[in-house]
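In the working numbering, the protein residues as written are 19 to 198.
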């Protein structure tokens, strides 16, 4: 899907203030985003892992808090933890509840993004960010990456939460080639 206009919380760490001022002064200039086929594969694998964590692990465990969509009636059926059944659609085995990532918009600071969720652990809520990274990056980790700290703080600010949980998963090597 196309991204919403504006600054994105996941990119705040690398924003050049000078560039933003110049783009604002020249609204007819746009940034062309070029993606190559290898990047699409990498992004698709990351998206699949996000779906797994949200809908197959944390949702059924009752730890992921947010909006849940019913695949049968195509509406938000519940806000909170993943529902076991929705009265309108209960009894239908085809009903699947899918987590809807929370849209974060800060109009005052002009950034947008989608948090991977809010986790409830030991009666405390945390901004949850799931990051799938390459094997070489994973092996170098000793603490959360700066860009992910900035991103989670943007979400914490908007959601008025004091803590976050950043989880990294080694997704191996998906693609060693790139074609525009």
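Where a beta carbon is used, it is the ideal one built from N, C-alpha and C, also for glycine.
On a predicted model such as this, the values are computed, not experimentally measured, just so you know.
Nearest Cα to residue 153 within the set 70, 35, 80 and 191: 191. For the pair residue 117 and residue 43, the Cα-to-Cα distance works out to about 39 Å. Residue environment for residue 134: buried (at least 16 other C-beta atoms within 10 angstroms of its C-beta). Check the Cα spacing between residue 66 and each of 131, 167, 149 and 85: the tightest is with 149. Around the beta carbon of residue 27, 16 or more other beta carbons sit within 10 angstroms, so the residue counts as buried.
Beta-bridge partners assigned by DSSP to residue 143: 138. Take the alpha-carbon of residue 22 and the one of residue 123: they are about 10 Å apart. Ranked by Cα distance from residue 87, the first of 31, 101 and 81 is 101.
A direct Cα-to-Cα measurement between residue 76 and residue 125 gives close to 30 Å. In the DSSP secondary-structure assignment, residue 187 is bridged to 150. The C-alpha of residue 158 is placed about 29 Å away from the C-alpha of residue 81. The beta carbon of residue 162 lies closer than 7 Å to those of 184 in the same chain, with the five residues before and after it left out. DSSP places residue 123 inside the beta strand (DSSP E), whose first and last residues are 120–124.
Under the DSSP definition of a beta bridge, residue 116 partners with 87.
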